[in-house]
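In terms of our numbering, the sequence shown opens at residue 154 and continues consecutively.
Positions of the beta carbon are idealized from the N, C-alpha and C atoms, including for glycine.
Source: prediction; values computed, not measured.
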Amino acid sequence: MHAVGIVAAAGSGLRLGADRPKALVPLGGRPLVCWAVDTLRDAGVADVVVTVPASELRAFATVLPADVRIVVGGDTRTASVRAALAALAVVGTADTVLVHDAARPLTPSDVVTRVLAALAAGARAAVPVLPVVDTTVTVDDDGLVTATLERAALRRVQTPQGFALATLLDAYDLLPAGVELTDDAAVVRAAGVPVVTVAGDERAAKVTVAHDLAVAELQLGGSG
Ligand SMILES: Nc1ccn([C@@H]2O[C@H](COP(=O)(O)OP(=O)(O)OP(=O)(O)O)[C@@H](O)[C@H]2O)c(=O)n1
Ligand SMILES: C[C@](O)(CO)[C@H](O)COP(=O)(O)O
Numbered sequence: 154m155h156a157v158g159i160v161a162a163a164g165s166g167l168r169l170g171a172d173r174p175k176a177l178v179p180l181g182g183r184p185l186v187c188w189a190v191d192t193l194r195d196a197g198v199a200d201v202v203v204t205v206p207a208s209e210l211r212a213f214a215t216v217l218p219a220d221v222r223i224v225v226g227g228d229t230r231t232a233s234v235r236a237a238l239a240a241l242a243v244v245g246t247a248d249t250v251l252v253h254d255a256a257r258p259l260t261p262s263d264v265v266t267r268v269l270a271a272l273a274a275g276a277r278a279a280v281p282v283l284p285v286v287d288t289t290v291t292v293d294d295d296g297l298v299t300a301t302l303e304r305a306a307l308r309r310v311q312t313p314q315g316f317a318l319a320t321l322l323d324a325y326d327l328l329p330a331g332v333e334l335t336d337d338a339a340v341v342r343a344a345g346v347p348v349v350t351v352a353g354d355e356r357a358a359k360v361t362v363a364h365d366l367a368v369a370e371l372q373l374g375g376s377g
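See the structure below:
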């Protein structure tokens, strides 16, 4: 198996509200995107493509290792991954791809290993997940609770998500232009591909709002 990695880092991080794109925000003195690249490389995935905002090419090139390929992303995560796949399609020997969020900087490489193991065992798509621990409800437009969901069947989905490369390329080809999905597993599911789950890790939490970054700094302090 020859795996390549995509790190989606072209988002702006509106909900974090920092003074720069989220992937460039420092955690423990290093940009989030550098941590995410390390997660893949620590698991043996050496060939990595990073999607970045067009306006920040130089800033990303300054902080990323020289052998990481940088690709301009799109206005949505779906568009950014599409752009990275277009760059990967010309690569050659890779048969497996991992798509990871720059916004999940402290993902242990064990998670990558579990995803790769599921693919090696024959899955065409594998995602790390965690159980939902809170009572989870739906609400109407007025915020009134309309139903309590059956929690046992719910999972929180993390990254990296792993795919047979041909499967992900085909699924993105089939996805109509303009359809935006929140993750790559949804793209392959839309193409009818079954998605296997493996155990995620709380440390792979996504940095979305300022509190998440503060938690990540604490996590780093506790592990170092
Ligand atoms: N156009 C986009 C949007 C998102 N992403 C990436 O997808 C990951 C998950 O997205 P999210 O955490 O929602 O990041 P943002 O879109 O930047 O956040 P926000 O919605 O708060 O602006 C991030 O690593 C982000 O950089 C991307 O590559 N291209
Ligand atoms: C891909 C993802 O991290 C899976 O949980 C997530 O969907 C991306 O976050 P977004 O806020 O939906 O862009």
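* Asked: Are the stretch 222-231 and the stretch 185-192 in contact at 8 Å, needing three or more beta carbon pairs?
  -> no
* Assuming residue 363 contacts residue 180 (C-beta within less than 8 Å), just tell me the rounded distance between them. => Not really, about 12 Å apart at Cβ, beyond 8 Å.
* Runs of beta strand (DSSP E) wholly within the stretch 299-373 (minimum 3 residues, chain order) -> 308-310, 314-317, 349-352
* **Cα-Cα separation between residue 317 and residue 297, rounded to whole angstroms** => When rounded, the separation of the alpha-carbon atoms in residue 317 and residue 297 is 42 Å.
* Distance, residue 358 Cα to residue 268 Cα -> Spanning the two alpha carbons is a distance of roughly 16 Å.
* Check whether the stretch 259-277 touches the stretch 342-352, counting contact only when three or more Cβ pairs, one atom from each stretch, lie closer than 8 Å. => yes
* From which residue to which residue does the alpha helix (DSSP H) around residue 228 run? -> Taken as a continuous stretch (DSSP letters only), residue 228 belongs to no alpha helix (DSSP H), as it is neither H nor E.
* Do you know offhand how far residue 166's Cα is from residue 178's? -> Put simply, the backbone Cα of residue 166 is about 9 Å away from that of residue 178.
* **residue 176, buried or exposed, once every other Cβ within 10 Å from all chains shown has been counted against 16** => buried
* Asked: How long is the line joining the alpha carbons of residue 211 and residue 360, rounded to whole angstroms?
  -> 23 Å
* Asked: Could you give the distance in angstroms between the alpha-carbon of residue 214 and the alpha-carbon of residue 355?
  -> 30 Å
* To do: Mind reading off the beta-carbon distance from residue 346 to residue 312? Whole number of angstroms is fine, and I expect it under 8 Å.
  => Actually they are not in contact, since the Cβ atoms of residue 346 and residue 312 sit about 17 Å apart, beyond 8 Å.
* Asked: Once you ignore the five residues that flank residue 184 on each side, which residues in its own chain have a CB closer than 6 Å to its CB?
  -> Excluding sequence neighbours, residue 184 sits near 177, 216.
* Consider the C-beta atom of residue 378 and the heavy atoms of ligand 2; say whether any pair is separated by less than 7 Å. => This structure gives no information on residue 378, because the portion of the chain shown stretches from 154 to 377.
* Output the boundary residues of the beta strand (DSSP E) element that contains residue 283. => 278-284
* To do: Give me the Cα-Cα distance between residue 299 and residue 289, rounded to the nearest whole angstrom.
  => 11 Å
* Is residue 164 near ligand 1, going by C-beta to nearest heavy atom under 7 Å? -> yes
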